[in-house]
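Worksheet: the structure to be examined is printed underneath.
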Amino acid sequence: MTIAQTPNITPGDSLVTEGIPPIPVNIAQTVDRYTNFRAASLSSWHPTRREMLITTRFADTPQVHLVKTPLGTRKQMTFFTERVPGGSFQPTQGDYFVFSKDIGGNEFAQNYRYDLATAEVTLLTDGKSKNSRGVWSNKGDKIIYTSTRRTGKDNDLYIIDPRNPQSDKLLAQVEGGGWSPLDWSPDDTQIVTLEFVSANESYLYLLDPVSGNKKIITPKNGKEKIFYGAAVFSKDGKGLYVITDKGSEFSRLAYIDFSSMKYDYLTSNIPWNVEDIDLSKDGKHLAFVTNEDGASILRIIDTATRKPLSLPKLPIGQVAGISWHKNNEDLGFTLVSARSTPDVYSLNIRTNKVERWTESETGGLNTEGFVDAQLVRWKSFDGKTISGFLYLPPKKFQGKRPVIIDIHGGPEAQSRPGFLGRNNYYLNELGVAMLYPNVRGSAGYGKTFLQLDNEFKREDSVRDIGALLDWIATQPNLDKDRVMVTGGSYGGYMSLAVATKYSSRIRAAIDIVGISNFVTFLEKTEGYRRDLRRVEYGDERDPKMREFLLKISPVNNAQNIKKPLFVVHGANDPRVPLNEAQQIVATVKKNNVPVWYLTAKDEGHGFSKKKNIDYLFYATVMYVKQYLLN
Numbered sequence: 001m002t003i004a005q006t007p008n009i010t011p012g013d014s015l016v017t018e019g020i021p022p023i024p025v026n027i028a029q030t031v032d033r034y035t036n037f038r039a040a041s042l043s044s045w046h047p048t049r050r051e052m053l054i055t056t057r058f059a060d061t062p063q064v065h066l067v068k069t070p071l072g073t074r075k076q077m078t079f080f081t082e083r084v085p086g087g088s089f090q091p092t093q094g095d096y097f098v099f100s101k102d103i104g105g106n107e108f109a110q111n112y113r114y115d116l117a118t119a120e121v122t123l124l125t126d127g128k129s130k131n132s133r134g135v136w137s138n139k140g141d142k143i144i145y146t147s148t149r150r151t152g153k154d155n156d157l158y159i160i161d162p163r164n165p166q167s168d169k170l171l172a173q174v175e176g177g178g179w180s181p182l183d184w185s186p187d188d189t190q191i192v193t194l195e196f197v198s199a200n201e202s203y204l205y206l207l208d209p210v211s212g213n214k215k216i217i218t219p220k221n222g223k224e225k226i227f228y229g230a231a232v233f234s235k236d237g238k239g240l241y242v243i244t245d246k247g248s249e250f251s252r253l254a255y256i257d258f259s260s261m262k263y264d265y266l267t268s269n270i271p272w273n274v275e276d277i278d279l280s281k282d283g284k285h286l287a288f289v290t291n292e293d294g295a296s297i298l299r300i301i302d303t304a305t306r307k308p309l310s311l312p313k314l315p316i317g318q319v320a321g322i323s324w325h326k327n328n329e330d331l332g333f334t335l336v337s338a339r340s341t342p343d344v345y346s347l348n349i350r351t352n353k354v355e356r357w358t359e360s361e362t363g364g365l366n367t368e369g370f371v372d373a374q375l376v377r378w379k380s381f382d383g384k385t386i387s388g389f390l391y392l393p394p395k396k397f398q399g400k401r402p403v404i405i406d407i408h409g410g411p412e413a414q415s416r417p418g419f420l421g422r423n424n425y426y427l428n429e430l431g432v433a434m435l436y437p438n439v440r441g442s443a444g445y446g447k448t449f450l451q452l453d454n455e456f457k458r459e460d461s462v463r464d465i466g467a468l469l470d471w472i473a474t475q476p477n478l479d480k481d482r483v484m485v486t487g488g489s490y491g492g493y494m495s496l497a498v499a500t501k502y503s504s505r506i507r508a509a510i511d512i513v514g515i516s517n518f519v520t521f522l523e524k525t526e527g528y529r530r531d532l533r534r535v536e537y538g539d540e541r542d543p544k545m546r547e548f549l550l551k552i553s554p555v556n557n558a559q560n561i562k563k564p565l566f567v568v569h570g571a572n573d574p575r576v577p578l579n580e581a582q583q584i585v586a587t588v589k590k591n592n593v594p595v596w597y598l599t600a601k602d603e604g605h606g607f608s609k610k611k612n613i614d615y616l617f618y619a620t621v622m623y624v625k626q627y628l629l630n
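Using full-length UniProt numbering, the first residue of the sequence shown is number 1, and each one after it goes up by one.
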């Protein structure tokens, strides 16, 4: 994208626009500081030195950087036009790392070896299929990873010595796209592997890394669907620490003893989901994160006594990517809060000292004045309580405030308090309130709530937004006559569905990589995802379900969309194919309402390149000013 000496911005070569009016250069100048937030995330500790790989963006895309000390220089290691979402050090010497990247957001990631001595990069995978980055053996001589190369849809398990790409071999054939390796046993003779069926159902297996034989350790009984998340071997190899909702509404931390196969629950006193776990290399401390009403709480227990350690208080926000250094003292993690973009920290359990490793730029803005989220609740059509997070503009904005409702994807994701990034512009400069609902089907509120939108109950979640519109009308500081709805992926479907059902109650809608027809989506999404999505949305091959899915699909109700619509999509999207955007745009145009359409030829399921994100932001600011505020 170029900002020429003309009054308007020229979209970049990869962007195709329809119906978007010329964007004045002064919009870019006005919002510039809000486009220059950076973020950093922890990728990997060095095994012998107190150094780490992080991911951050300096040019157009995030890349891998090396940081040698807290708040030390960020030395960029990879330089690609495509984003590199992370890398992992070889776990004994750390003389090379393995990273992955795709092309144009197509999610067909390939693995590469980066040799630190020579800076040479070597391709490790086939160059065509979808591959996971995988999990290192304790010896550091092998990685087990998944690849779709055999069928295009099954996530088979492969094993490789990254020093010798020719060693790559198929270890185990599986059925389905939900398989992933989790951890190697301390002696490297077993690998715990997950088969993910849905957000409510998954299974754990022990896999032999030589023969490829696998044995299920969480039997399928047909009576109760049970979810298993992360799993790590205990230091003695006699059991597993796992995250599971077995026998509980929420996911608990449990220890499974291999000899008795009994479950010992370690967090029954915490009525919230456990999300992430990591065991220190000496096996003495287990770190985990709980999701408590949307906020992350970091916890560490002594594995011998099962007692919690007393930890310093972290800001309210999200903690992700917890990872122990091999020194058994430093726990690294990524932290984000309302006033801080994602940055990397470490906690030393010997001194209880928290150290900051990165301080990402905030575009020259002082973020200390950025507002915290308020947890709000409302009653839906059936008496169920639904909640969300409301951000109110500064007090300088008087009177009832216009509202942007931003609906998360998934559908089994969750809106959680954190850094709003560019959306702070709407709050701080335009006086727009931002509301992030967690409609039924969202994670974080128990497994019953998670299933309330499945299959024939799909539109109940749309009715939750209808109830939210009712709630907004009762709030003295919110303007029920100036409401816009937006969302990405499943949130894009929700935006379209709200625009068909409640058109008279909103000013405009934005659909980002959203589903417009459930049947065409299920038929055309990539094969490795199709069965996983059928569990959530319903199987379009069943005549009754097909009829229902067609009936509720926004494209078949598009005649009801009477307010402006902005549709955004990546041409290489493997999850929600471009056809979903094309058909809703073509249909809504017949309604004689403004339709803006933006496609990026070098993006997939969402935009990742700064120049594309910037143009989308400029267009969205203009759209908000024109249709929500005027």
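Ideal Cβ positions, reconstructed from N, Cα and C, are used throughout, including at glycine.
Quick caveat: nothing in here was measured; it's all calculated off a predicted structure.
Please state whether DSSP places leucine 583 in a helix, a strand or coil.
As a working mapping, residue 583 is identified with position 583 in the sequence shown. Correcting the residue identity first, residue 583 is glutamine in this sequence and not leucine. Three-state result, glutamine 583: helix.
Would you list the residues sitting across from valine 621 in a DSSP beta bridge?
Locating residue 621 in the sequence shown gives position 621, where the first residue counts as 1. Bridge partners of valine 621: none, in fact.
Could you name the residues of the same chain whose beta carbon sits closer than 7 Å to that of aspartate 156, not counting the 5 residues immediately before and after it, in chain order?
Residue 156 sits at position 156 when you count from the first residue of the sequence shown. Once the five neighbours on either side are set aside, the close Cβ partners of aspartate 156 are Thr146, Ser147, Arg150, Leu170, Ala172, Gln173 and Val174.
Rounding to the nearest angstrom, what Cα-Cα distance links isoleucine 472 and valine 432 in this structure?
Within the sequence shown, residue 472 is the residue found at index 472, counting from 1. Within the sequence shown, residue 432 is the residue found at index 432, counting from 1. When rounded, the distance between both Cα atoms is 13 Å.
Residues in its own chain within less than 6 Å of threonine 78 by CB, not counting five upstream and five downstream?
In the sequence shown, residue 78 corresponds to position 78, counting from 1. Shown here for threonine 78: same chain residues with a beta carbon closer than 6 Å to its own, the five before and five after excluded, namely Gln63, Val64 and Val84 in chain order.
Give the single residue among Tyr615, Tyr623, Ser608 and Ile613 whose Cα lies nearest to the Cα of tryptophan 596.
Taking the first residue of the sequence shown as 1, we reach residue 596 at position 596. Closest by alpha carbon: Tyr623.
Per DSSP, arginine 401 is paired with what?
For the purposes of this step, residue 401 is taken as residue 401 along the sequence shown, with counting starting at 1. Partner(s): Leu478.
Take glutamine 583 and list the residues in its own chain whose beta-carbon comes closer than 8 Å to its own, dropping the five residues that flank it on each side.
By one-based count along the sequence shown, residue 583 stands at place 583. Once the five neighbours on either side are set aside, the close Cβ partners of glutamine 583 are Ser516, Asn517, Thr520 and Val555.
Could you tell me the distance, in whole angstroms, from the CA atom of lysine 215 to the CA atom of threonine 334?
The residue labelled residue 215 in the question sits at position 215 within the sequence shown. The residue labelled residue 334 in the question sits at position 334 within the sequence shown. Each residue's alpha carbon lies about 35 Å from the other.
For my contact list, proline 437 and glycine 19 are in at a C-beta cut-off of 8 Å; report their separation, rounded to the angstrom.
One-based indexing of the sequence shown puts residue 437 at position 437. One-based indexing of the sequence shown puts residue 19 at position 19. Wrong, their Cβ atoms sit about 28 Å apart, outside the cutoff.
Beta carbon proximity, glutamine 451 to chain D, threshold 8 Å:
As a matter of chain content, chain D is missing from the structure shown, which is built from one protein chain.
Nearest-angstrom beta carbon gap, asparagine 111 and asparagine 138 [assumed within contact, 8 Å]:
As a position in the sequence shown, residue 138 is number 138, starting the count at 1. As a position in the sequence shown, residue 111 is number 111, starting the count at 1. Contact doesn't hold; Cβ gap of about 19 Å is too wide.
Sequence-distant residues of the same chain with beta carbon closer than 6 Å to tyrosine 493, five excluded per side:
Residue 493 sits at position 493 when you count from the first residue of the sequence shown. Only Gly514 and Ile515 meet the Cβ criterion.
Is it the case that the stretch 440–449 contacts the stretch 308–323, given that we only count it when at least three CB pairs across the two stretches are under 8 Å?
no
Tell me whether residue 643 sits in a helix, a strand or coil according to DSSP, three-state version.
It is not possible to answer for residue 643, since the shown part of the chain is limited to 1 through 630.
Cα-Cα separation, tyrosine 345 to serine 44
The residue given as residue 345 occupies position 345 in the sequence shown. The residue given as residue 44 occupies position 44 in the sequence shown. So the two alpha carbons sit approximately 12 Å from each other.
Bridge partner(s) assigned by DSSP for valine 232
As a position in the sequence shown, residue 232 is number 232, starting the count at 1. According to DSSP, which records beta bridges pairwise, valine 232 is partnered with Tyr241.
Going by Cα to Cα distance, which pick from Thr305, Arg299, Ala304 and Thr303 is closest to leucine 311?
Your numbering for residue 311 matches position 311 in the sequence shown. Among Thr305, Arg299, Ala304 and Thr303, the Cα nearest to that of leucine 311 is on Arg299.
What are the boundary residues of the alpha helix (DSSP H) that includes residue 649?
Given that the chain is displayed from residue 1 to residue 630, the structure contains no residue 649 and the question cannot be resolved.
Assign proline 24 to one of three DSSP states: helix, strand, or coil.
The sequence position of residue 24 within the sequence shown is 24, counting from 1. Proline 24 falls in the strand class under three-state DSSP.
Hey, quick one: how far does the alpha helix (DSSP H) through methionine 494 stretch, first residue to last?
Residue numbering aside, residue 494 sits at position 494 when the sequence shown is read from its first letter. Element bounds for methionine 494: 490–501.
Less than 6 Å between C-beta atoms, sequence neighbours within five positions excluded: which residues of the same chain meet that for threonine 362?
The sequence position of residue 362 within the sequence shown is 362, counting from 1. Phe37.
Are the CB atoms of alanine 509 and leucine 550 within a distance shorter than 8 Å?
Here residue 550 refers to the residue found at position 550 when the sequence shown is read from its first residue. Here residue 509 refers to the residue found at position 509 when the sequence shown is read from its first residue. No; because the gap between Cβ atoms is not below 8 Å, this pair is not in contact.
Option in Lys262, Asp168, Lys128 and Thr474 with minimal Cα separation from tryptophan 378
Within the sequence shown, numbered from 1, the residue matching residue 378 stands at position 378. Answer by Cα proximity: Thr474.
So what's leucine 616 in DSSP terms, helix, strand or just coil?
To locate residue 616, count along the sequence shown from 1; it is residue 616. Looking at leucine 616 - three-state DSSP - the assignment turns out to be helix.
Using the Cβ count rule (16 or more neighbours within 10 Å means buried), how would you classify leucine 309?
The sequence position of residue 309 within the sequence shown is 309, counting from 1. Exposed: under 16 other Cβ atoms inside 10 Å.
Using the DSSP secondary-structure output, state which residues sit across from tyrosine 255 in a beta bridge.
Within the sequence shown, the letter at position 255 stands for residue 255. In DSSP, tyrosine 255 forms a bridge with Tyr241 and Asp264.
Under the three-state DSSP convention, the category isoleucine 3 falls into
Start at 1 with the first residue of the sequence shown, and residue 3 comes out as number 3. The pLDDT assigned to isoleucine 3 is 49, lower than 50, so where the model puts this residue is not dependable, and the model offers no usable value.
What's the C-alpha gap between lysine 353 and aspartate 264?
Taking the first residue of the sequence shown as 1, we reach residue 353 at position 353. Taking the first residue of the sequence shown as 1, we reach residue 264 at position 264. Each residue's alpha carbon lies about 31 Å from the other.
What does DSSP give as the partner residue(s) for lysine 169 in the beta ladder?
Translated into the one-based positions of the sequence shown, residue 169 becomes position 169. DSSP, once it has assigned bridges, lists Ile159 as partnering lysine 169.
Distance, Cα to Cα, leucine 207 vs alanine 558?
Taking the first residue of the sequence shown as 1, we reach residue 207 at position 207. Taking the first residue of the sequence shown as 1, we reach residue 558 at position 558. Their Cα atoms are separated by approximately 49 Å.
Excluding sequence positions up to five away, which residues of its chain have a Cβ less than 6 Å from the Cβ of tyrosine 425?
Here residue 425 refers to the residue found at position 425 of the sequence shown. These residues qualify, in order along the chain: Val31 and Tyr34.
Mind checking aspartate 302: buried by the 16 CB within 10 Å criterion, or exposed?
Along the sequence shown, one-based indexing puts residue 302 at 302. Flag for aspartate 302 reads exposed.
Do isoleucine 407 and valine 483 have their C-beta atoms within less than 8 Å of each other?
To locate residue 407, count along the sequence shown from 1; it is residue 407. To locate residue 483, count along the sequence shown from 1; it is residue 483. No, these two residues do not count as a Cβ contact at 8 Å.
Round the Cβ separation of threonine 358 and alanine 40 to the nearest angstrom and send it over; I've been treating them as touching at under 8 Å.
What you label residue 358 is simply residue 358 of the sequence shown in a count that begins at 1. What you label residue 40 is simply residue 40 of the sequence shown in a count that begins at 1. So it is a contact: roughly 4 Å between Cβ atoms.
Can you name the start and end residues of the beta strand (DSSP E) that glutamate 201 belongs to?
For the purposes of this step, residue 201 is identified with residue 201 of the sequence shown, where counting begins at 1. From DSSP, the beta strand (DSSP E) with glutamate 201 extends over 201–207.
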